[in-house]
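Data first, discussion second: the structure below is written as structure tokens.
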Amino acid sequence: MSHEVITPGDTLAARAASAVADVELQHALRNLDRRLFTARTVEESFPHLKARAAALRRETLADLPAWIDRTERVLDGLGVHVHRAATPEAARRIIVEIARTEGLTRAVKSKSMATEEIDLADALTAAGIETVETDLGEYIVQVAGERPSHMIVPAIHKTLAQVAEVLQTRADGPLPVEHEAITAWARDHLRARFLAADLGITGGNFVAADTGTLVLVTNEGNGDLCTIIPRVQVAVVPVEKVISRFSDLATLLPLLTMSATGQRISNYVTMINGPRRAGEIDGPEVLHVVLLDHGRLRLVGTAYEDMLACIRCGACLNVCPVFRRISGHAYDAVYSGPMGKVLTPLLSLDGTEGRDLPGASTLCGACTEACPVEIPLADLLVRLRTDLRSPGPVDPLAAEVGAEPPAGHDRQPGEGFGSRVLDSPLVSRRPARHVRSTAFDTWARLWATPSGYARSTRLARLGARVGARRGTKHWIRARVPGLGGWTATRDAPAPAARSFRDRWDARADGREHW
Amino acid sequence: MPAVALFVTCVVDQLAPEVGVGAVRLLEAAGATVEFPRAQTCCGQPACNAGEPEAATRLARHFLDVFEPFDAVVAPSGSCVAMVHHWYPRLVPDRDASRARALAAKTFELTDYLVAQLGVEDVGARVDGTVTVHDACHGLRFLGVRDAPRRLLTAAGAQIVEMEEPETCCGFGGTFSVGHGEIAGPLADDKLGHAAASGADWLVSGDAACLLHLEGRRRRTGIGPTPVHVADLLAGGLAS
């Protein structure tokens, strides 16, 4: 990975601490506050719309392999070269090979998380193909040698002054610290790259299985230029971007833009139906679509299938109190925020990435509430905490694959949706034999009996009673073993001198009057 | 008179017993008869949220055994009640899942029970001063508790001044608050800062754990109004 590490730390906790202490980052992140809208404030019918969208997504996911096959056939019929890539490595190899075969040397890229996921820009550059990001935010992070910190606003972690400083390195003279001037410079600067490009790289927000339409949603028009100027276009499309019908866009498209930016529709919606045909004045002469799996298809039929419904709107990032404080880089993953905490470990085929991400959530549920396709993100985080609890690399799906689907939830395509995670049992899927499980097991055995509860709480209170006066609450400032994470930032409450049940008994005996 | 079983929660029992006393006094002031099943312990949420469903299930079964006989169960915590509603049916399998659902249907958060079940807003308490309400996450998002504490406080004469982002998490998050103190602290600062900016005398919420987290932070920084549980504040305004 050539990206500069800008939020230092070996662990998520260390990186989070660095992010919180970074004054400029904290200043820049205040720009996120105005994104603290929910789509409901844009569109009153949001609840209905999202129920519809959730159903549409589940319908496709229930039979995803078949919808992918159909998409491939339709694209093929349109003259699109379709490739299937099982891994990021395979996807990079396919695309570099296309560039070599076609003799391409200058690529322009529109914003795409899938290309981030496969590290495509670096791979193309390494293969001698000049690759320029054309979304302004992406361009800023590319020049800075970083990766996007937010899937919709990639440079949200930078202040305007920092942006000017970064772009300065590509400008002839000094750039004023002023939005419009910087944007105007970038427009000019990037225009020359567009005109010279022979390869356009895009992602794909949706691809319709019935018409083969590839849909790109952008606000800067750069997506359009990436598809109409270069001779060859390569679209990297994760398999779950397939939608069953073109008409589903009527629901999904406004829901995406509302949830992403609060717009009823984005400034540009690009729809591509195959390569340029005779008589057409623009569009790529050669169009390749790379369908990327990277562990996604194995999620179908598991409790994590819901995650594939994600349309990458970023709403869960915007409302997440943790994300709003630590920003995307602290996650040290392509996808950040609540959806990244779920998706990263699921896409880690060797079970090593993102293991500490699911723990970094208060489980407040703001993400679940904001999600326009009703992914139970907080529930999935809880489930991942279970499935990742064994020490060492672990496949979170080990306990899920082959598990019986919950009774009554064998869905047929078109039957509508039902969240698997909501209905599948949580327990007894994997024997737990590590320290944390043993500790919780011991605790639960103790507290599942009134006498065990009484004994253990009496013991805890003994310690706290030293020097305590009756009826007052005491606070602990010193570090307590096991509570160091708490007392580092807050005083910890000591057990009360008399528990509620002591006081209840005292009242019943007439020793105390409430 | 409606009879209710109080699930006081382990946090209140051990760390904030005054909240339990307040809950009993409010329920009685609203005309309910309160029972306290002595065998109760913890709902098991710490284990569930930590990703230890087996331990959580053990406590869920105990909870079921203790509270099933009662017509209504009331707790001064939206989070613990949400545990029963949201997770119990998934923690106990098959036949017991219907037991869990039946129990969830009669398990209520305190303010919600007073306002929506008993139809009581004026409990006869008098609270002078201004309050700002932090909507604790699980009560808000799993149970829809939003208006009930405000109605009770307003009926008691308190003036409610809403802070910025009352629905944003305070940063407690159970095991998160120990595992990620480096984030939990700043999130408490955000909440206390918003509460301070509201100018309110009290920072009121319905979950003792959130309040202990906020008070623990406030003791370090000195910023923000005094965090207090809605039951504690209201009961303090009852004629003794």
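From first to last, the protein sequence lines stand for chains A and U.
In this text, residue positions in the first sequence follow numbering that gives the first Met the number 0: the first is 0, and each later residue adds one.
In this text, residue positions in the second sequence follow numbering that gives the first Met the number 0: the first is 0, and each later residue adds one.
By construction, the Cβ of each residue, glycine as well, lies at the ideal position given by its N, Cα and C atoms.
The structure displayed is predicted, hence computed values, not measured ones.
What residue range is occupied by the uninterrupted alpha helix (DSSP H) comprising residue i?
i              : result
G138 (chain U) : 136-142
V73 (chain A)  : 63-76
G21 (chain U)  : 16-28
F499 (chain A) : 499-507
F439 (chain A) : 434-446
A65 (chain U)  : Checking the sequence shown, residue 65 (chain U) turns out to be Val, not Ala. 52-66 is the extent of the alpha helix (DSSP H) around V65 (chain U).
E322 (chain A) : Looking at the sequence shown, residue 322 (chain A) is not Glu but Phe. Segment 320-325, the alpha helix (DSSP H) holding F322 (chain A).
With a 10 Å radius around its C-beta and 16 neighbouring C-beta atoms as the bar for buried, classify residue i as buried or exposed.
i              : result
N317 (chain A) : buried
I264 (chain A) : exposed
G203 (chain A) : buried
D127 (chain U) : exposed
I374 (chain A) : buried
D9 (chain A)   : exposed
E403 (chain A) : Confidence is the limiting factor: at E403 (chain A) the pLDDT is only 43, short of 50, which leaves the residue's position unreliable, though a coordinate-based value still follows. E403 (chain A) should be labelled exposed.
T260 (chain A) : buried
K49 (chain A)  : buried
G211 (chain A) : buried
E132 (chain A) : buried
D64 (chain U)  : exposed
G413 (chain A) : Any reading at G413 (chain A) must be qualified, since the residue scores a pLDDT of 29, below 50, and its modelled position is unreliable; the value itself is stated next. Exposed, by the Cβ-count rule.
L461 (chain A) : exposed
A314 (chain A) : buried
G30 (chain U)  : exposed
E161 (chain U) : exposed
N266 (chain A) : exposed
P16 (chain U)  : buried
G19 (chain U)  : buried
List the endpoints of the continuous beta strand (DSSP E) containing residue i.
i              : result
E164 (chain U) : Counting along the chain, E164 (chain U) falls outside any beta strand (DSSP E), and DSSP gives it neither H nor E.
Q232 (chain A) : 231-237
T269 (chain A) : 267-271
L213 (chain A) : 213-217
P226 (chain U) : 225-228
K108 (chain A) : 105-108
L286 (chain A) : 285-291
E34 (chain U)  : 32-34
H82 (chain A)  : 80-84
I228 (chain A) : Element bounds for I228 (chain A): n/a, residue is neither H nor E.
I200 (chain A) : 198-201
L5 (chain U)   : 2-5
A183 (chain A) : Here A183 (chain A) belongs to no beta strand (DSSP E); instead the alpha helix (DSSP H) covers 178-195.
Against chain U, which members of the segment 289-317 of chain A pass a CB distance test of less than 8 angstroms?
Taking 8 angstroms as the Cβ-Cβ cut-off against chain U, none of the residues of the segment 289-317 of chain A qualify.
Output needed in chain order: residues of the segment 484-499 of chain A with a Cβ under 7 angstroms from some Cβ in chain U.
Here the close residues are G484, W485, A487, T488, R489, D490, A491, P492, P494, A495, R497, S498, F499.
Contact set between the segment 34-50 of chain A and chain U, restricted to residues whose Cβ is under 9 angstroms from the partner
Listed in sequence order: L35.
contact_flag[the segment 268-275 of chain A, the segment 52-68 of chain A] where n(CB pairs < 8 angstroms) is 3 or more
They do not touch, by the three-pair rule.
Counting Cβ pairs, one atom from each stretch, are 3 or more of them under 8 angstroms apart for the segment 208-223 of chain U and the segment 45-60 of chain A?
Touching, no.
Near-chain U residues of the segment 433-446 of chain A (beta-carbon distance less than 8 angstroms), N- to C-terminal order
For chain U, the residues of the segment 433-446 of chain A that bring a beta carbon within less than 8 angstroms of one of its beta carbons are R435, S436, F439, D440, W442, A443, R444, W446, in chain order.
Count the CB pairs spanning the segment 195-207 of chain U and the segment 52-72 of chain U that are closer than 8 angstroms, and state whether there are at least three.
A contact between stretches requires three or more CB pairs, one per stretch, nearer than 8 angstroms, and the segment 195-207 of chain U fails this requirement with the segment 52-72 of chain U.
For the segment 75-137 of chain U, which segments carrying the beta strand (DSSP E) assignment without a break, of at least 3 residues, lie completely within its bounds, in sequence order?
If one requires a minimum length of 3 residues, the beta strand (DSSP E) runs lying completely within the segment 75-137 of chain U are 106-108, 129-132, in chain order.
Name, going along the chain, the residues of the segment 341-360 of chain A whose beta-carbon falls closer than 7 angstroms to a beta-carbon of chain U.
Within the segment 341-360 of chain A, the qualifying residues are G358, A359, S360.
Contained alpha helix (DSSP H) runs [length at least 4] in the segment 329-391 of chain A, N- to C-terminal order
Assignment of alpha helix (DSSP H) within the segment 329-391 of chain A, counting only whole runs of 4 or more residues, yields 336-346, 365-369, 376-386 in chain order.
Inter-stretch contact (C-beta, 8 angstroms, three-pair minimum) for the segment 35-55 of chain A and the segment 186-204 of chain A:
Proximity of the segment 35-55 of chain A to the segment 186-204 of chain A falls short of the contact definition, fewer than three beta-carbon pairs being nearer than 8 angstroms.
Going residue by residue through the segment 117-162 of chain A, where are the continuous alpha helix (DSSP H) segments of at least 4 residues, counting only ones entirely within it?
DSSP assignment within the segment 117-162 of chain A yields the following whole alpha helix (DSSP H) runs of 4 residues or more, N-terminal first: 119-125, 135-143.
Taking 8 angstroms as the cut-off, does the segment 169-177 of chain A touch the segment 206-220 of chain A (at least 3 CB pairs, one atom from each stretch)?
These segments do not touch.
Inside the segment 156-212 of chain U only - beta strand (DSSP E) runs reaching at least 3 residues:
Uninterrupted beta strand (DSSP E) stretches at least 3 residues long and entirely within the segment 156-212 of chain U occur at 201-204, given in chain order.
Whether or not the segment 367-383 of chain A and the segment 304-313 of chain A are in contact is what I'm after, with contact meaning three or more pairs of Cβ atoms, one per stretch, closer than 8 angstroms; do they touch?
At 8 angstroms Cβ cutoff, the stretches touch.
Residues in the segment 51-74 of chain U having any Cβ partner in chain A nearer than 8 angstroms
Shown in chain order are the members of the segment 51-74 of chain U whose Cβ falls below 8 angstroms from a Cβ of chain A: E51, P52, E53, A54, A55, T56, R57, L58, R60, H61.
Can we say the segment 287-303 of chain A touches the segment 317-328 of chain A, given the rule of at least three CB pairs closer than 8 angstroms?
At 8 angstroms Cβ cutoff, the stretches do not touch.
With a floor of 3 residues, list each beta strand (DSSP E) that falls wholly inside the segment 16-42 of chain A, ordered by position along the chain.
Annotation: the segment 16-42 of chain A contains no complete segment of the beta strand (DSSP E) (minimum length 3 residues).
Examine the Cβ distances between the segment 162-172 of chain U and the segment 90-108 of chain U and report whether three or more of them are shorter than 8 angstroms.
As far as the Cβ criterion goes, the segment 162-172 of chain U does not touch the segment 90-108 of chain U, which means the pair count is below three.
Report the residues of the segment 190-220 of chain U with a CB closer than 8 angstroms to any CB of chain A, ordered along the chain.
Listed by position along the chain: L211, H212, E214, G215, R216, R218, R219.
Taking 8 angstroms as the cut-off, does the segment 37-45 of chain U touch the segment 106-114 of chain U (at least 3 CB pairs, one atom from each stretch)?
Touching, no.
For the segment 222-250 of chain A, enumerate the residues whose C-beta is nearer than 9 angstroms to any C-beta of chain C, in chain order.
Annotation note: the requested chain C is absent from the structure, which comprises protein chains A and U.
Interface residues of the segment 321-333 of chain A facing chain U [CB-CB below 7 angstroms]:
Those residues of the segment 321-333 of chain A that come within reach of chain U (Cβ to Cβ, closer than 7 angstroms) are V321, R324, I325.
Determine which residues of the segment 127-157 of chain A have a Cβ less than 9 angstroms from any Cβ of chain U, and write them out in chain order.
Residues passing the 9 angstroms Cβ filter: none.
Closer than 7 angstroms, Cβ to any Cβ of chain U: which residues of the segment 11-25 of chain A, in chain order?
The segment 11-25 of chain A vs chain U, Cβ under 7 angstroms: A12, A15, A16, V19.
Sufficient close CB pairs (3 or more, under 8 angstroms) joining the segment 107-123 of chain A to the segment 192-199 of chain A
Output reads yes: the segment 192-199 of chain A touches the segment 107-123 of chain A.
Looking at C-beta atoms only, is the number of pairs between the segment 224-240 of chain A and the segment 123-131 of chain A that lie closer than 8 angstroms three or more?
Counting Cβ pairs under 8 angstroms, fewer than three are found: no touch.
Three or more C-beta pairs closer than 8 angstroms, one from the segment 131-150 of chain U and one from the segment 440-457 of chain A: is that the case here?
Output reads no: the segment 440-457 of chain A does not touch the segment 131-150 of chain U.
Using 8 angstroms as the Cβ pair cut-off and three pairs as the minimum, do the segment 213-223 of chain A and the segment 134-148 of chain A touch?
Contact check between the segment 213-223 of chain A and the segment 134-148 of chain A: three or more CB pairs, one atom from each, fall below 8 angstroms, which counts as touching.
Is the segment 172-188 of chain U in contact with the segment 11-21 of chain A, if contact means three or more CB pairs nearer than 8 angstroms?
Because the criterion of three Cβ pairs below 8 angstroms is met, the segment 172-188 of chain U and the segment 11-21 of chain A touch.
Between the segment 366-385 of chain A and chain U, which residues of the former have a C-beta closer than 7 angstroms to a C-beta of the latter?
For the segment 366-385 of chain A, which is checked against every Cβ of chain U, the residues closer than 7 angstroms are E368, V381, R384, T385.
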